[in-house]
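Peer 1:
In UniProt numbering, the protein residues as written are 1 to 128.
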């Protein structure tokens, strides 16, 4: 009896999931653009403040790359969560709650992806 009631509650909750901030995809995209502009404006300050060994253009290219990494996301709730995390990162960066090494971690050279199948792992392990 209780299981049937719990099933109805779960079904009702699944049907009426409330958005975090954005009511629709358009509003979520607007929030993403606002965050992107804020990061874009902050890059020169961060490069100067943290005395980074990169140019402003490299910093802005990295910001674009990080945003494009999640360009495929289409659920407004997921987009809102990513925007919240991005705002937290921006706040930590602007208020100098991070150290230089935390910022430079984003600029590592592209790492070679680890092999997935057995033969590739074998060849990598025994390659001179």
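All residues carry an ideal CB built from backbone N, CA and C; glycine is no exception.
Out of 75, 97 and 44, point me to the one whose CA is closest to residue 23's CA.
Peer 2: Here residue 23 corresponds to residue number 23 of the chain shown, with the count starting at 1. Here the closest residue by C-alpha is 75.
Peer 1: Please report the distance separating the alpha-carbon of residue 103 from that of residue 70.
Peer 2: Along the chain shown, read from residue 1 onward, the residue named residue 103 stands at position 103. Along the chain shown, read from residue 1 onward, the residue named residue 70 stands at position 70. Approximately 20 Å between the Cα atoms of the pair.
Peer 1: If contacts are defined as beta-carbon pairs under 8 Å, then residue 40 and residue 73 qualify, I think. What distance do you get, rounded to the angstrom?
Peer 2: On the chain shown, position 40 is the one that residue 40 refers to. On the chain shown, position 73 is the one that residue 73 refers to. The pair is not a contact, with the Cβ atoms about 20 Å apart (cut-off 8 Å).
Peer 1: Take every Cβ of the region 117-125, pair it with every Cβ of the region 44-56, and state whether three or more of those distances are shorter than 8 Å.
Peer 2: No, the region 117-125 is not in contact with the region 44-56.
Peer 1: Would DSSP call residue 72 helix, strand or coil?
Peer 2: Counting from 1 along the chain shown, the entry for residue 72 is found at position 72. Coil.
Peer 1: By a C-beta neighbour count over all protein chains shown, 10 Å radius and 16 as the cutoff for buried, is residue 25 buried or exposed?
Peer 2: Position 25 of the chain shown, counting from 1, holds the residue named residue 25. Counting Cβ neighbours within 10 Å, residue 25 comes out exposed, since fewer than 16 surround it.
Peer 1: Compare the Cα-Cα distances from residue 47 to each of 93, 113 and 124 and report the closest residue.
Peer 2: For this step, residue 47 is matched to residue 47 along the chain shown. Checking every option, the nearest Cα to that of residue 47 belongs to 93.
Peer 1: Between residue 90 and the rest of its own chain, which residues show a CB-CB distance below 8 Å, the 5 nearest in sequence each way excluded?
Peer 2: Reading the chain shown from its first residue, position 90 is the one you call residue 90. Cβ neighbours of residue 90 beyond the five flanking positions: 35, 38, 39 and 42.
Peer 1: Could you give the DSSP three-state label for residue 97: helix, strand or coil?
Peer 2: On the chain shown, position 97 is the one that residue 97 refers to. Coil at residue 97, not helix or strand.
Peer 1: Alpha carbon to alpha carbon, what distance is there between residue 31 and residue 100?
Peer 2: Position 100 of the chain shown, counting from 1, holds the residue named residue 100. Position 31 of the chain shown, counting from 1, holds the residue named residue 31. Roughly 28 Å separates the two Cα atoms.
Peer 1: Would the beta-carbon of residue 80 fall within 7 Å of that of residue 21?
Peer 2: Counting from one through the chain shown, the residue named residue 80 turns up at place 80. Counting from one through the chain shown, the residue named residue 21 turns up at place 21. Taking 7 Å as the Cβ cut-off, residue 80 and residue 21 qualify as a contacting pair.
Peer 1: Under the assumption that residue 49 contacts residue 96 (Cβ atoms under 8 Å), give the Cβ distance between them as a whole number of angstroms.
Peer 2: Here residue 49 refers to the residue found at position 49 of the chain shown. Here residue 96 refers to the residue found at position 96 of the chain shown. That pair is a contact at about 7 Å.
Peer 1: Leaving out five residues on either side along the sequence, give the residues of the same chain with a beta carbon under 6 Å from the beta carbon of residue 44.
Peer 2: Walking along the chain shown from the start, residue 44 turns up at place 44. Excluding sequence neighbours, residue 44 sits near 56.
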